[in-house]
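First comes the structure, then the notes that go with it.
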Ligand code: PEP
Ligand code: MG
């Protein structure tokens with residue numbers, strides 16, 4: 233029951249065998265940030281920034297980014313805030329990009345404006361920045377050069393190209409975050425809006441194998457890997473994600489209570505055996 237789950241908010245997200253799972257939240261509004269904090273998240277593992285700008289007539293400037301970000305980041309003071317740069321995509325495209333040879337990474341001046349706004353608006357948080365739809369380590373290095381050195385910079389792993397180049401990308405980024413929504417679509421050949429694309433399909437062998445490879449690559453470099461796609465809140469996928477070594481899950485604020493309760497029921501050795509069976 234919802235009330236029983238909410239009562240568990242003060243309990244740690246620890247498996248039966250004592251492994252801590254860090255629970256972060258995916259947010260895009262001030263309301264979601266407040267809900268995430270109220271539900272006991274350690275911070276935000278994904279701050280989506282493009283949703284404010286779906287009717288924009290051009291690339292937002294620094295002031296527009298700052299105005300959008302301040303209310304979302306305010307409630308996250310002192311907590312992890314992982315702000316993702318604009319992720320316009322075919323399923324979320326403002327009018328000025330329709331018919332252009334986009335999606336891709338924004339031009340440097342548009343990215344620079346957003347990074348300056350993020351750095352200022354996130355000054356009171358434990359700020360991290362991440363780049364969506366990464367396809368190469370060069371993209372990570374180029375974007376990172378526009379950001380102050382002190383801010384950890386991460387790459388989302390959500391394309392087949394990123395999985396191919398995972399070692400180089402892992403070396404170029406401070407952290408990785410797996411976007412299971414796009415990764416599942418891409419590896420299973422489904423459109424992002426296809427009703428057959430469900431969060432649980434991230435547990436199918438081609439996707440789970442890619443997730444396992446990502447976790448292994450990042451662990452070789454000793455840096456954190458989180459999962460921020462909807463699979464991180466899916467009751468079927470969670471044990472398999474934990475089974476391939478995922479220890480940081482970022483989920484919708486409304487899912488935090490249920491995910492914490494499920495984590496507390498898991499045994500990581502059982503999860504590893506289940507994942508090995510799927511991968512075999
Ligand atoms: C994903 O693709 O899994 C993800 C977290 O990003 P978005 O859903 O915003 O594309
Ligand atoms: Mg995505």
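Residue numbers (UniProt numbering): 233 to 512.
Glycine included, each C-beta is placed from N, C-alpha and C at the ideal position.
query                                                                                                               : result
The ligand MG site residues, beta-carbon cut 5 Å against heavy atoms                                                : 390, 411, 414
8 Å CB neighbourhood of residue 311 in its chain, flanking five on each side removed                                : 269, 273, 274, 275, 276, 357, 358
Segment limits, alpha helix (DSSP H) that includes residue 361                                                      : Premise fails: residue 361 lies in the beta strand (DSSP E), 358-363, not in any alpha helix (DSSP H).
At least 3 beta-carbon pairs within less than 8 Å: the segment 278-297 vs the segment 495-502                       : no
Test item: CB-CB of residue 389 and residue 361 under 8 Å                                                           : no
Residue 386 - partner residues in DSSP beta bridges                                                                 : 362, 407
contact_flag[the segment 336-343, the segment 253-260] where n(CB pairs < 8 Å) is 3 or more                         : no
Residue 312 - partner residues in DSSP beta bridges                                                                 : 275, 358
Proximity test, residue 277 beta-carbon vs the ligand PEP heavy atom, cut-off 7 Å                                   : no
Beta-carbon proximity list for residue 425, same chain, < 8 Å, skipping 5 on both sides                             : 323
Buried/exposed call for residue 289, threshold 16 Cβ in 10 Å                                                        : exposed
Bounding residues of the beta strand (DSSP E) (the contiguous stretch that carries residue 259)                     : 254-259
Residue 306 CB to nearest heavy atom of the ligand PEP below 7 Å                                                    : no
Pick from 489, 353, 366 that is closest to residue 415, judged by C-alpha positions                                 : 366
DSSP bridge partner residues for residue 457 (one or two, in chain order)                                           : 408
Which listed residue (398, 461, 355, 241) has its alpha carbon closest to that of residue 309                       : 355
Any non-hydrogen atom of the ligand PEP closer than 7 Å to residue 461 Cβ                                           : yes
Per-residue DSSP class, three states only, for residue 482                                                          : strand
Identity of the residue in 260, 342, 468 nearest residue 302 by Cα                                                  : 260
Residue 426 Cβ short of 7 Å to the ligand PEP heavy atom set                                                        : no
Cβ neighbours of residue 486 in the same chain (closer than 6 Å, five flanking residues each side left out)         : none
Counted within 10 angstroms of its Cβ, other Cβ atoms place residue 463 as buried (16 or more) or exposed           : buried
Secondary structure of residue 428, DSSP reduced to three states                                                    : coil
Proximity test, residue 248 beta-carbon vs the ligand PEP heavy atom, cut-off 7 Å                                   : no
C-beta contact flag for residue 418 and residue 391 at 8 Å                                                          : yes
Nearest-angstrom Cα separation, counted from residue 395 out to residue 401                                         : 9 Å
Between the CA atoms of residue 327 and residue 452 - distance to the nearest angstrom                              : 42 Å
Residue 263 classed as buried or exposed, judged by whether at least 16 other C-beta atoms fall within 10 angstroms : exposed
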